[in-house]
Amino acid sequence: MPLLYTKNLRREFGGVIAVSDVNFEVMKNSITGLIGPNGAGKTTLFNNITGLDFPTKGNVFFKGEDITELPAYKITRIGIARTFQNIRLFREMTVFENVMIGRHFRGNHPKLSRNRLVNFALGMVNLKMEEKDIYENSIKWLDFFNLLPFRDEYAKNLPYGRQRELEIARALATEPDLLFLDEPAAGMNPQETEELMATIRKIRDLGVTVVLIEHDMKLVMNICDTITVLNYGQKIAEGTPGQIQNNKDVIEAYLGKSDD
Amino acid sequence: MLDFILLIVIYIIIYSISSLGLNLIVGYTGMLSLCQAAFMGIGAYSTAVLMTAGHMDFWLALLSSGAIAALCGILIGIPTLRLRGDYLAIATLGFGEIVKNVILNWDSVTKGPMGINGIPGPSLFGYTFTSMEKLPWLFLLLFFLAATYMLIRVMIRSRVGRALEAIREDEIAASAMGINIAKYKVGVFTTGAFCGGLAGSFFAAYSQSVAPLTFDFMMSIMILCMVVLGGLGNSFATVIGTVLIVIASELPRLLGISHIIPAQMNQILFGFILVFMMIYRPQGIIGRIKLNYGKMMKDEILHMER
Ligand SMILES: Nc1ncnc2c1ncn2[C@@H]1O[C@H](COP(=O)(O)OP(=O)(O)OP(=O)(O)O)[C@@H](O)[C@H]1O
Ligand SMILES: [Mg+2]
């Protein structure tokens, strides 16, 4: 069974059908690509899965459970994190603080009970432990992205490519099983993109399943295990990079019909 | 003269307790609220009614007034969760008007336009506070101001403050980080309302009387002025702003020219201050203090390990 799948997911905005009865599947430990021309409904599909927007019809299942109705913060708490197409960092907060916020709700020391009452009784000690956990984990993720030297910089002052990395670091700090990346390479130069590919593989190797929207075909074809293609809100193809590259419908969607 | 200065200081302290609460809502969390005077009115009338008709002890009435105002904070907080910016401001403005009209028309409890007189002064260790002796009042109020200030300081310097900062920066990103925005927003509204309620309660007990039209929209604007003038998201600046606004509004009386300059001048003054600050110095006189939570935490953890 897939780690996450949607069932006939549909999202209409007034008359516009942004996502049209899509069945989208993500297998555990895979890197799944979601591609399609501009306005195909990729971001809308992400938003509907991650609780920032809700489908007109259809359902989302994660680890076998229906999560369609859950609000964004609960989706994150059950293990789905994301980044945004138009970077949404806390711009006036430091790099370190951004990651700390990602860790915010998980700040539970593993040795402590999950029981609220017990935690409450442990009071300040517990709080300090939580803060320590937040601190250490944030450091860990900053280090993973070599962002430690920038830890006290404001997020808005980072170079663009670094901001994209920080957004991924912040998402990973929530300790997700599933990570959605909306155009992570947008605005990156070829060398940064190259590094990003390696990083995404590294993230997958840590046991995090990755879904990414990307227009950079080289990146997508290189690192994705499976690719789903959307066009005008509909799923027009799904398969391995090799299958997608040779798919007639996909070529048509990207290049327009060859006979006109 | 000294008596008058003491009176002004007492007003400054009472208003500071309220404006610190509003700063939590507007300054730290970024929700524009125009009903802080309503929370004060709720606190003042709760104390007045509980102490006169209910014969309740002041200290219990003080706590109850804070609690009742806090409850109203929850009531207004929950429905306004979906509102932002202008819409939230308008909703809180409406709430303020409702409170004023309830106070004005609920004759059987609030005595309507007449207000409530003869509120007894608080007593502590056998001593009874009256508005005649201002110095004891001043110390009593100073204690509560310090407590409010510390409460907010501890809150802001903890993970709660961090979360509020994130919410103010970007609500969508904050919720995508697993932060339950609704919980924090309602919590902030409740705490801010509690502070307003306490201030109102002191207001009633010090004046020993309450009148319905005191806690109107103008007063909410005045408290907002205090927060904006000093600097949003900075408790110390809020107190400074409160000092300046209270002095400015009492200046005509202070100089003995209150018969020349009518009280309505205040309204023009507050309007002018808001417009001027928004255009030339939106961050306030002192401005926001950006805490570095990363550094603070590091220090704390090093301290722990020692
Ligand atoms: N909030 C909204 N209100 C109205 N229409 C919307 C809204 N969000 C998206 N749409 C429409 O839905 C369609 C799909 O948009 P979406 O952003 O999902 O596309 P996309 O595949 O992510 O495109 P891109 O590659 O440009 O990011 C578009 O026609 C867009 O105009
Ligand atoms: Mg998009």
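These protein sequences, in sequence, are chains A and B.
Numbering-wise (our numbering), the first sequence opens with residue 1 and increments by one.
Numbering-wise (our numbering), the second sequence opens with residue 261 and increments by one.
Ideal Cβ placement from N, Cα and C applies to all residues, glycine included.
Owing to the predicted nature of the structure, the values given are computational and were not obtained by experimental measurement.
DSSP places B:I338 in the coil class of the three-state scheme, outside both helix and strand.
Scanning chain B for C-beta atoms nearer than 8 Å to the C-beta of A:I101 yields R422, A423, A426, A434, M437 and I439, reported in chain order. By the neighbour-count definition (other C-beta atoms within 10 Å, threshold 16), A:P159 is an exposed residue. For A:Y135, the chain B residues whose Cβ falls inside 9 Å of its Cβ are G554, M557, K558, E560 and I561, in order along the chain. The set of residues whose C-beta lies within less than 5 Å of a heavy atom of ligand 1 reads, in chain order, A:F13, A:A18, A:N38, A:G39, A:A40, A:G41, A:K42, A:T43 and A:T44.
A distance of 7 Å or more separates the beta carbons of A:N86 and A:A155. C-alpha of A:L172 to C-alpha of A:V95: approximately 14 Å in a straight line. Straight-line measurement puts the Cα of B:I376 at about 22 Å from the Cα of B:E393. Per the C-alpha coordinates, the member of B:V269, B:L551 and B:I268 positioned closest to B:R422 is B:L551.
Annotation for A:Q85 indicates a beta carbon within 6 Å of some heavy atom of ligand 2.
Among the residues facing chain B, A:E97 is included, as its CB has a counterpart in that chain under 7 Å away. Using a Cβ-Cβ cut-off of 9 Å, A:D152 is close to N552, G554 and K555 of chain B, given in chain order. A direct Cα-to-Cα measurement between A:P241 and A:C224 gives close to 7 Å.
B:A406 sits exposed, since fewer than 16 C-beta atoms from the chains shown fall within 10 Å of its C-beta. In this structure, B:G457 and B:I328 form a Cβ contact; the two beta carbons are roughly 6 Å apart against a cut-off of 8 Å. Judged by DSSP secondary structure, A:T199 falls within the alpha helix (DSSP H) whose first and last residues are P190 to D205.
In the structure shown, A:G58 adopts extended strand secondary structure according to DSSP, grouped into three states. Neighbourhood of A:A72 in chain B, by CB distance below 8 Å: I432, S435 and A436, in chain order. With a threshold of 16 other beta carbon atoms within 10 Å, B:G490 meets it and is buried. For chain B, none of the residues of the region 54–66 of chain A brings a beta carbon within less than 9 Å of one of its beta carbons.
One alpha carbon belongs to B:F475, the other to B:A297, and they sit about 5 Å apart. For A:Y5, the enclosing beta strand (DSSP E) covers residues L4 to F13.
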